[in-house]
Amino acid sequence: MEVTGIIEKIEKQQTASKEELAFLLENISDTELEVLRKKAQQTAIKAFGKSIYIRGLIELSSYCKNDCYYCGIRRSNKNAVRYRLSEEQILDCCKTGYALGFRTFVLQGGEDPYYTDERMCKIVREIKKNYPDCAVTLSLGERGKESFKKLFEAGADRYLLRHETANPEHYKKLHPPEMSYENRIKSLYELKKIGFQTGAGFMVGSPFQTYEDLANDLLFIGELKPQMCGIGPFVPHHDTQFADKPQGSLRLTLTLLSLIRLMNPKILLPATTALGTIAGGGRELGILHGANVVMPNLSPSEHRADYSLYDNKICTGDEAAECIRCLSRRMKSIGYNIVTDRGDYK
Ligand code: SAH
22 MEVTGIIEKI
32 EKQQTASKEE
42 LAFLLENISD
52 TELEVLRKKA
62 QQTAIKAFGK
72 SIYIRGLIEL
82 SSYCKNDCYY
92 CGIRRSNKNA
102 VRYRLSEEQI
112 LDCCKTGYAL
122 GFRTFVLQGG
132 EDPYYTDERM
142 CKIVREIKKN
152 YPDCAVTLSL
162 GERGKESFKK
172 LFEAGADRYL
182 LRHETANPEH
192 YKKLHPPEMS
202 YENRIKSLYE
212 LKKIGFQTGA
222 GFMVGSPFQT
232 YEDLANDLLF
242 IGELKPQMCG
252 IGPFVPHHDT
262 QFADKPQGSL
272 RLTLTLLSLI
282 RLMNPKILLP
292 ATTALGTIAG
302 GGRELGILHG
312 ANVVMPNLSP
322 SEHRADYSLY
332 DNKICTGDEA
342 AECIRCLSRR
352 MKSIGYNIVT
362 DRGDYK
């Protein structure tokens, strides 16, 4: 096997075998990565030009009933500061965001039972009523098919639910026994079937992950064909049992972004905050490797630091307006432009 041949195969067929993908991930040289990067960047430019879609992230709750081993807001972290946003606070974030040019609002949070279907549907309906030209994306974990349906009927357009890993054995090493790989995957298929533009995704460098696991993640994306894929490096959180595990590597994350782009030319692919956290200019590098979305934070400043999934998260001290100015400047510095657009999957 040789890496160049595998890259050419992926370019032609949008796929490769698990063995080939794992081999590439383990062996790609800097020169080969640059070849892959250029192809991925060209693919993104062909689909989106040099426009970057923005999504306003509203972190609505730091309460969570789950206990994912990697996550700082897991229920057994007694040091986590818990908050939840009211409907009014959420609508205020949207108001600020709309004025700044956002046309997608992403409501993300821990799995917080306070946000019943009734409360959540009302919030979605209010946002859609006030901002009919905006898309609403939810990222609220596994709620079950009936709940997903109600939220879709209330007007939610998209749903992000990272699969985290496509290997059930690996999934067990990252989650407590009461959480189920099967349910996570089933939820993703349900979301798609209901009609959501659906996002899957995974962390790069999560504890116990192998190159073969990552190859499986790539193949899973090819199979599910989600409209979006969120990937970022694993970053340890000091109050979790993975506190001493190494963070995911920048180079490997960038390689995966390029592979995802080449295998899924039209997928909506964010350069994530976690990527910006592990390296100065990380999000810019993400764009240059094929990403086409950034997700600035619209959460109220006073709560930002408390939505602490991992350590050293960037932008926790900024106002929304500062965030968007900073990102605009960063995108311009590499020849790209942030656009005011819903940025739907085409
Ligand atoms: N409760 C929702 C939202 C989870 S937070 C859900 O279950 O989908 C969004 C994503 O952050 C997670 O899917 C996970 O992939 C990522 N994340 C959590 N902890 C992290 C860490 N320590 N490092 C990097 N990413 C992390």
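Those letters in the sequence shown? Residues 22 to 367, by the working numbering.
Using N, Cα and C, we set each Cβ at its ideal position, and we do this for glycine too.
Boundaries cannot be given for Asn100, as no beta strand (DSSP E) includes it and DSSP labels it neither H nor E.
The alpha-carbon of Phe69 is positioned some 21 Å away from that of Val157. A contact between stretches requires three or more CB pairs, one per stretch, nearer than 8 Å, and the segment 258-274 meets this requirement with the segment 78-94.
For Ile288, there is no enclosing beta strand (DSSP E), as DSSP gives it neither H nor E.
In the three-state reduction of the DSSP assignment, Tyr232 falls in the helix class. In the three-state DSSP reduction, Val256 falls in the coil class, being neither helix nor strand. Lys353 sits exposed, since fewer than 16 C-beta atoms from the chains shown fall within 10 Å of its C-beta. As computed with DSSP, Tyr74 is found in a beta bridge with Val314, Val360. The ligand SAH approaches His258 closely enough that one of its heavy atoms is under 7 Å from the residue's Cβ. In the pairwise beta carbon analysis, the segment 72-80 is classified as touching the segment 304-320: at least three pairs are separated by under 8 Å. Here the alpha carbon of Glu323 sits roughly 37 Å from the alpha carbon of Gln62. In the structure shown, Thr137 falls within a coil segment according to DSSP collapsed to helix, strand and coil.
Its chain contains Arg105, Gly130, Gly131, Asp133 as the residues whose beta carbon lies nearer than 6 Å to that of Ser82, once the 5 sequence neighbours on both sides are disregarded; these appear in chain order. Here DSSP, grouped into helix, strand and coil, assigns Cys155 to coil. Beyond the five residues adjoining it in sequence on each side, Arg183 comes within less than 7 Å, by CB distance, of Ala221, Gly222, Phe223, Gly251 in the same chain, given in chain order.
The beta carbon of Gln129 sits closer than 7 Å to at least one heavy atom of the ligand SAH. The residue from Asp178, Asp327, Glu305, Val127 with its alpha-carbon nearest to that of Lys214 is Asp178.
Our two residues, Cys344 and Asn318, have alpha carbons roughly 7 Å apart in a direct line. Taking 7 Å as the cut-off, one finds at least one heavy atom of the ligand SAH near enough to the beta carbon of Arg183.
The residue from Lys86, Lys39, Pro198, Phe123 with its alpha-carbon nearest to that of Arg346 is Phe123. Distance from Thr298 to Val256 at the Cβ level is roughly 6 Å; contact confirmed, criterion being Cβ atoms closer than 8 Å.
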